[in-house]
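If you read the sequence shown in the numbering used here, its first letter stands for residue -3, the second for the next number, and so on. Glycine included, C-beta positions come from ideal geometry on N, C-alpha and C. Here the structure comes first, spelled out in structure tokens, and everything after it is commentary.
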Amino acid sequence: MAPEISLAVYFIVGSILVWQMVRHRLQRWVAILLGTAFSEALGYAFRTVCVYNTTFGMYVAMMLFLLAPPNALALVNNKAVGKIIRDSRVQPRWFWLKPGFVNWFYFGSDMFSICMQGTGGGMLTGTNTRDAGRAVVLVGLIVQLFFFAYYLVTTFYVWQPPEYTVHVSPSNVRHASAKHQVVLVVTLTTGILYL
-3 MAPEISLAVY FIVGSILVWQ MVRHRLQRWV AILLGTAFSE ALGYAFRTVC VYNTTFGMYV
57 AMMLFLLAPP NALALVNNKA VGKIIRDSRV QPRWFWLKPG FVNWFYFGSD MFSICMQGTG
117 GGMLTGTNTR DAGRAVVLVG LIVQLFFFAY YLVTTFYVWQ PPEYTVHVSP SNVRHASAKH
177 QVVLVVTLTT GILYL
């Protein structure tokens, strides 16, 4: 897909989120989605410029705005599921359901895959290392997608048992409904990260 199309898509999504936030007075955490959309749009703007005039600064800005926002969104998702686990005070049956593990393991896997993708992206700029760079970027993407899938399995596991609850505000007294909403948003945003 051309970077100009991606730029337009992310800008439109960000604009829709701004309109929804103003119109419906959405909660503040939606600003993370807004920031992610506009940061991605900015990253694709830098990529469009790099197609015609590549400089080191433009390349670094492009990589920063394309790789950091999705990982910030993934970190928020990881923390949301970790908070559900921690606040529910359920004794985890498996180590991968401990809140501390959920936070550091998935964030660490994101950082590892970013480093692989960034390294591969840097290798793509050299004529001698271009093929190896493509392979490194591809492996980084596969690693990241594997951990996203594993994270979704953890999320679905937390979604099912009723003992995992979400503490809600006085305006929303139904814990099951609140947990459903949180897990739905986490699942949708993780799905968006797959794209």
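Given Val154 as reference, the closest of Tyr55, Tyr6, Val178 once Cα atoms are compared: Your numbering for residue 154 matches position 158 in the sequence shown. Here the closest residue by C-alpha is Val178.
Between which two residues does the alpha helix (DSSP H) containing Val5 stretch? Sequence index remark: in the sequence shown, residue 5 carries index 9 (1-based). Run containing Val5: -1 to 20, per the alpha helix (DSSP H) assignment.
Would you report the Cα separation of Asn124 and Met107, rounded to the nearest angstrom? Taking the sequence shown and counting its residues from 1, the one referred to as residue 124 is at position 128. Taking the sequence shown and counting its residues from 1, the one referred to as residue 107 is at position 111. Approximately 26 Å between the Cα atoms of the pair.
Reference Gly96, options Asn74, Gly114, Ser109, closest by Cα: Your numbering for residue 96 matches position 100 in the sequence shown. Answer by Cα proximity: Asn74.
Hey, Leu13 and Leu30 are a contact pair by Cβ (cut 8 Å); roughly how many whole angstroms apart? Sequence index remark: in the sequence shown, residue 13 carries index 17 (1-based). Sequence index remark: in the sequence shown, residue 30 carries index 34 (1-based). Yes, they are in contact, since the Cβ atoms of Leu13 and Leu30 sit about 5 Å apart, within 8 Å.
Let me check understanding here. Comparing Cα to Cα, which of Tyr147, Leu148, Val149, His176 lies closest to Thr161? Along the sequence shown, one-based indexing puts residue 161 at 165. Here the closest residue by C-alpha is His176.
Who are the Cβ neighbours of Ala128 in its own chain at under 6 Å, not counting the five residues just before and after it? What you label residue 128 is simply residue 132 of the sequence shown in a count that begins at 1. Answer for Ala128: Met119, listed in chain order.
Phe61 versus Glu36 - alpha carbon distance: Residue 61 sits at position 65 when you count from the first residue of the sequence shown. Residue 36 sits at position 40 when you count from the first residue of the sequence shown. Using only the alpha carbons, I get a separation of about 6 Å.
Going by the CB atoms, is the gap between Met112 and Val72 shorter than 8 Å? Along the sequence shown, read from residue 1 onward, the residue named residue 72 stands at position 76. Along the sequence shown, read from residue 1 onward, the residue named residue 112 stands at position 116. No, the Cβ-Cβ distance between Val72 and Met112 is not below 8 Å.
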